[in-house]
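First residue of the sequence shown: 261, per the numbering used here; consecutive thereafter.
Every residue gets a Cβ at the ideal spot worked out from N, C-alpha and C, and that includes glycine.
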Amino acid sequence: MSETRDYYRDKVAVVTGGASGIGLALAETMLAYGAAQVVLADFNDENLRREAARLNAAYPERVLGLHCNVTQEEDVKGMIQKAAEFGGGRLDLLFNNAGAGLGGVFEAQTNDDWEKAFALNFYGALYGIRAVLTIMRAQGGGHIIDIISGIALYPMAQQTMYAATKAALNGLTLALRYELWDENIRVTSATPGTTVTAIWKGVPPPPNAQSPAQSARTILAGVAKNERLVLGDDSDLNSAKHAFDPDAAKGIDEYLLNVARKRRSGQWVV
Ligand SMILES: NC(=O)c1ccc[n+]([C@@H]2O[C@H](COP(=O)([O-])OP(=O)(O)OC[C@H]3O[C@@H](n4cnc5c(N)ncnc54)[C@H](O)[C@@H]3O)[C@@H](O)[C@H]2O)c1
């Protein structure tokens with residue numbers, strides 16, 4: 261535990277989608293671990309103002325809320341620049357966490373829907389990575405964490421956009437890990453595990469869903485160990501072990517087909 265805390269002590273961190281859910285919990289937990297400064301970047305101004313003020317009251321002068329729409333590259337560049345200024349020129353950790361669940365029947369989705377899905381769940385992170393690289397190189401290192409989802413490993417019916425965008429982000433993240441390794445810039449993919457947040461709007465989260473604080477602690481522990489793929493709960497761990505195992509294909513097919521049929525009948529199962 262103290263090794264985890266040590267990793268965040270005196271660090272400057274940015275969390276996109278930081279005004280709610282898992283992003284907010286990541287920010288709050290890093291502050292509790294002794295992070296020097298944490299920037300919440302989000303496009304929900306109401307949540308951003310409220311949460312930045314709340315955290316600043318608990319951790320004076322260590323929190324900044326910045327409006328940023330991650331689908332706009334200029335917005336992301338500007339946000340990263342301001343975050344580094346707030347950090348006295350440093351930016352040690354970037355959590356590309358902003359994202360959405362994006363359910364729906366494939367045939368009802370247009371190219372525009374797909375472009376918007378990739379703009380948020382994929383390009384939002386790509387813009388963040390690009391913007392932060394110059395700063396991390398100049399300071400001799402850093403850590404970029406892309407929040408994916410178990411859906412990248414275990415794709416479910418009526419979540420094609422979510423599965424495709426998060427699988428693409430995982431591919432980008434893991435390939436980049438080796439590209440940047442020798443520059444002391446760490447790159448990690450992380451699934452939060454099933455977590456009770458606003459992402460479940462309208463659908464009750466499964467009974468085994470964990471709290472944002474719990475997911476944040478698991479992610480932060482894995483990131484501190486520089487894990488390649490941090491897995492947020494046992495279900496994601498199981499998916500990672502078996503999702504592409506040819507010997508498990510029959511069982512997985514049966515399970516995913518059952519999910520597809522139940523969802524088609526209007527029952528939202530996971
Ligand atoms: N909750 C879960 O069960 C779960 C499981 C797997 C992965 N995830 C992933 O975790 C991440 C966080 O999700 P969450 O569950 O905390 O949901 P959430 O809805 O509570 O948080 C998402 C945050 O992202 C912000 N956001 C959305 N679009 C944005 C944009 N264009 N620019 C800037 N900010 C934007 C929202 O305002 C919100 O504050 C997402 O990437 C999600 O896909 C969540």
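Judged by DSSP secondary structure, ARG446 falls within the beta strand (DSSP E) whose first and last residues are 445-450. Secondary structure of ALA435 (DSSP, three-state): helix. ALA481 places its beta carbon 7 Å or farther from that of LEU491. With distances taken between CA atoms, LEU315 lies nearest to GLY278 out of GLY278, ALA343 and CYS328. Taking the C-beta atoms as reference points, TYR422 is found no nearer than 7 Å to GLY462. Restricting attention to MET290, ASN304 and ASP305, the CA atom closest to the CA of VAL298 is found in MET290. Check the Cα spacing between LEU300 and each of GLY325, GLY281, VAL456 and HIS403: the tightest is with GLY325. When the five nearest sequence neighbours on each side are left out, the beta carbons in the same chain lying within less than 7 Å of the beta carbon of ASP493 are those of GLY453, THR454 and GLN470, in order along the chain. Distances taken from the Cβ of VAL330 to the heavy atoms of ligand 1 include one shorter than 6 Å. Counting along the chain, GLY325 sits inside the beta strand (DSSP E) bounded by residues 323-327. The Cβ neighbour count for TYR515, taken over all protein chains shown within 10 Å, is under 16; the residue is labelled exposed. Here PRO466 is not near VAL456, since their CB atoms are 7 Å or more apart.
Boundaries of the beta strand (DSSP E) harbouring GLN297: 297-302, taken from the DSSP string. The DSSP assignment places complete alpha helix (DSSP H) segments of no fewer than 4 residues inside the segment 481-525 at 494-502 and 509-524, in order along the chain. Looking only at LEU429, GLY364, THR448 and ALA412, the smallest Cα-Cα distance to HIS502 is reached by ALA412.
Of all alpha-carbon atoms in GLU321, GLY359, LEU497 and THR331, the one lying nearest the alpha-carbon of ILE408 is that of GLY359.
By the criterion of a C-beta distance shorter than 8 Å, ARG397 is surrounded in its chain by GLU443 and ILE445, once the five residues flanking it on both sides are discounted. Shown here, GLY361 sits in coil according to DSSP, grouped into three states, outside any helix or strand. Our two residues, GLY349 and THR420, have alpha carbons roughly 40 Å apart in a direct line. One alpha carbon belongs to ALA417, the other to PRO320, and they sit about 46 Å apart. Taking the Cβ of PHE378 as the reference point, every heavy atom of ligand 1 lies at 6 Å or farther away. Look at THR420 here: in three-state DSSP terms it is helix. Counting along the chain, GLY349 sits inside no beta strand (DSSP E), nor does DSSP assign it H or E at all.
Separation of the CB atoms of GLY402 and LEU351 is rounded to 7 Å, and the pair is thereby assigned contact status at 8 Å. In the three-state reduction of the DSSP assignment, VAL275 falls in the strand class.
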